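Each remark here refers to the structure printed beneath this line.
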Amino acid sequence: MSPFNSNDTGSVSVSVSVSETATLYIHLTMSQSEKEEAVAAAPLSVPFPPETTPAPQPVFLPGMSHAAETPTPSPVPAPAPSAIPIRPKADTDTETAADNSSSSSSSPSASTVDLPRLRLHIQDVAHPGSSVFLSSVNAATVLRDSIDAIHTHLYTDPLSSSTSSSSLSPPPTRSVTLILRDMDGVAYTTGVDLDPEHHKEIHFSLRYISSVAPPSSSRQSAEIRGVLLHELVHCYQWNGRGRAPGGLIEGVADWVRLRCDLAPPHWRRDQVPAKWDVGYQGTAYFLEYLEKRFGEGIVRRLNEKLREEAYDEKTFWTELVGGSVEQLFEDYKKTLVKGA
Ligand SMILES: [Zn+2]
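Our numbering puts the first residue of the sequence shown at 642, with every later residue one more than the last.
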């Protein structure tokens, strides 16, 4: 019944193996029951590094996943060297299926939703991007917090009693594996071949991560969190039985990113998009306009409607807001011109 239903038994296993080529694989799995301990014991934590800014971009693949987004060239690719923090803590040893059921109070923030099994796979730990990633974010925390945020924005009715969980159902995602590897583009999400509905993989480019260069230390962390949040939305959003426009799917993902204050500096709220479903931030700002115009929760209802039925543009929008999306878009563009 639980939306994020995880029937895993609750063991933490951290296994580390180093090959001759210095490739290091880190597998971190975590489930709800011992997430706090897992976080406390997670070998991946640490401070922050520098800043910069790139830009995710286009190309869309139908369904829940989308094509690798193309980064805009980043000014100064400056990989941040750093130690790789593999530090199993006190009572959790590597190679151990630890049963840390003793309570821990040091967990950063407890998740309010059932988590899927979360895994981290670093394909090349010697890659500069791996150091940047490991020193910028705590993988366990960032994934968990992102899923919480998605739940808040897409599945929690702001009008219903504050603490109760929503009755809206996210897709039945049971595991998410984050794979850091050297590849073109920024990131993409895909279903695992054998069971794409329940098991997702997020591929995140180490090359891209290493290109998110410094200046201010929070920038790398914010960009990594922003990209991961966007990709995780793809693991938890509905798509109108695969019929929703790719630009709408991407727009919802970036709208959640926007909502979480993770919009990168290059996003432009006042830019007039070519069409409403141009995708990414162009559609995200349009969705934000709809939230203002029709009241908070319209994107949540939109997502819910994408769960209920196959997307058909005309009836979808008429039933959702009582008008055509083209007309809404014209209204929206007027506000941009006025604003400018
Ligand atoms: Zn996307």
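All residues carry an ideal CB built from backbone N, CA and C; glycine is no exception. Quick caveat: nothing in here was measured; it's all calculated off a predicted structure.
I want to check one thing, is the minimum distance from the CB of residue 891 to the heavy atoms of ligand 1 below 8 Å?
When distances are taken from the beta-carbon of residue 891 to the heavy atoms of ligand 1, the shortest one is below 8 Å.
Endpoints, the alpha helix (DSSP H) within which residue 829 is located: Where residue 829 is concerned, there is no enclosing alpha helix (DSSP H), although the beta strand (DSSP E) around it starts and stops at 828–832.
Quick one: complete alpha helix (DSSP H) runs, 4+ long, within the stretch 878–909? For the stretch 878–909, whole alpha helix (DSSP H) runs of length 4 or above, ordered along the chain, are 887–900.
Quick check on this structure: which residue in 905, 855, 955 has the alpha carbon closest to the alpha carbon of residue 777? It is 855.
Original post:
To which residues of the same chain is residue 863 closer than 7 Å at the C-beta, ignoring the five residues directly before and after it?
Top reply: Cβ within range, chain order: 903.
Is any non-hydrogen atom of ligand 1 found closer than 8 Å to the C-beta of residue 830, if you look at the structure I gave you? At least one heavy atom of ligand 1 is nearer than 8 Å to the Cβ of residue 830, so yes.
Per-residue burial, residue 936 [other beta carbons within 10 Å of its own, 16 or more giving buried]:
Counting the other CB atoms within 10 Å of its CB gives residue 936 a total below 16, which places it among the exposed residues.
Legend entry - Beta-carbon contacts of residue 898 that lie in its chain and below 6 Å, excluding the five residues immediately before and after: Closer than 6 Å at Cβ, skipping near neighbours: 867, 870, 871.
request  = Identify which residue in 928, 911, 877 has its Cα closest to the Cα of residue 900.
outcome  = For residue 900, the nearest C-alpha among the options comes from 928.
- May I ask you to list the residues that DSSP assigns as paired with residue 959? For residue 959, which the question treats as bridged, DSSP gives no partner whatsoever.
Next on the checklist: What would DSSP say about residue 841, mapped onto helix, strand or coil?
Outcome noted: In the structure shown, residue 841 falls within a strand segment according to DSSP collapsed to helix, strand and coil.
Could you say if the stretch 838–856 and the stretch 963–981 meet the contact criterion of at least three C-beta pairs nearer than 8 Å?
Three or more beta-carbon pairs separated by less than 8 Å are not found between the stretch 838–856 and the stretch 963–981, which leaves the two stretches without contact.
| said: Quick check on the burial criterion: 16 or more other C-beta atoms within 10 angstroms. Buried or exposed for residue 767? | reply: By the neighbour-count criterion, in which 16 or more other beta carbons inside 10 Å mark a residue as buried, residue 767 falls on the exposed side.
- Query: Excluding five sequence neighbours on each side, which residues of the same chain lie with their C-beta closer than 6 Å to the C-beta of residue 790?
  - Reply: Contacts found: 901.
Taking only the alpha-carbon atoms, compute the straight-line gap between residue 798 and residue 956 and give it to the nearest angstrom.
Cα atoms of residue 798 and residue 956: separation of roughly 23 Å, rounded to the nearest angstrom.
Checklist entry - Ordered along the chain, which non-local residues of its own chain (more than five positions away) have a Cβ less than 6 Å from that of residue 874? => result Sequence-distant Cβ neighbours of residue 874 in its own chain, meaning closer than 6 Å and more than five residues away, are 791, 894, 897.
Closest by CA to residue 760, which one among 884, 785, 770? Out of 884, 785, 770, 785 has the C-alpha closest to the C-alpha of residue 760.
| field | Separation of residue 770 from residue 832, as counted between CA atoms | value | The alpha-carbon atoms of residue 832 and residue 770 are separated by roughly 24 Å.
To the nearest whole angstrom, what separates the beta carbons of residue 951 and residue 882, a pair I think is in contact under 8 Å? Taking a contact as a CB-CB distance under 8 Å, the pair residue 951 and residue 882 counts as one, their CB atoms being some 4 Å apart.
Element boundaries [beta strand (DSSP E), containing residue 793]: No beta strand (DSSP E) contains residue 793, which is instead part of the alpha helix (DSSP H) from 780–796.
Requested in this report: Output the distance between the C-alpha atoms of residue 861 and residue 919, rounded to the nearest integer angstrom.
Outcome: The straight-line gap from Cα to Cα measures roughly 26 Å.
Open item on the list: In the DSSP output, which residue or residues are listed as bridge partners for residue 848?
Closed with: By DSSP's assignment, residue 848 forms no beta bridge with any residue.
State the Cα-Cα distance for the pair residue 973 and residue 877, rounded to the nearest angstrom.
-> For the pair residue 973 and residue 877, the Cα-to-Cα distance works out to about 27 Å.
**Message:** Applying the 10 Å Cβ sphere with the 16-neighbour rule, what's the burial state of residue 924?
**Reply:** Under the 10 Å beta carbon count, residue 924 is surrounded by 16 or more other beta carbons and is classified as buried.
Paired residues, beta bridge with residue 816 - DSSP
Paired residues: 758, 840.
Near residue 948, which residues of its chain fall below 6 Å by C-beta distance, leaving aside the five closest residues on each side in sequence? Excluding residues within five positions, the ones whose Cβ falls inside 6 Å are 879.
Handout entry: Opening and closing residue of the alpha helix (DSSP H) in which residue 991 lies
Key = Within the shown structure, residues of the chain are numbered from 642 to 981, placing residue 991 beyond reach of any answer.
* To do: State yes or no: is the C-beta of residue 894 nearer than 8 Å to some heavy atom of ligand 1?
  => With a threshold of 8 Å, the Cβ atom of residue 894 counts as near ligand 1, since some heavy atom of the ligand is closer than that.
### Query
Comparing alpha-carbon positions, which option in 811, 815, 851 lies nearest residue 943?
It is 811 whose Cα lies nearest to the Cα of residue 943.
Identify every residue that forms a DSSP beta bridge with residue 821.
DSSP output for residue 821 lists 763, 845 as bridge partner(s).
Residues in the same chain with beta-carbon distance under 6 Å from residue 930, minus the five sequence neighbours each way, listed in chain order, please. Cβ within range, chain order: 973.
* Asked: Would you call the CB atoms of residue 933 and residue 970 closer than 9 Å?
  -> Not in contact: residue 933 and residue 970 (Cβ atoms no closer than 9 Å).
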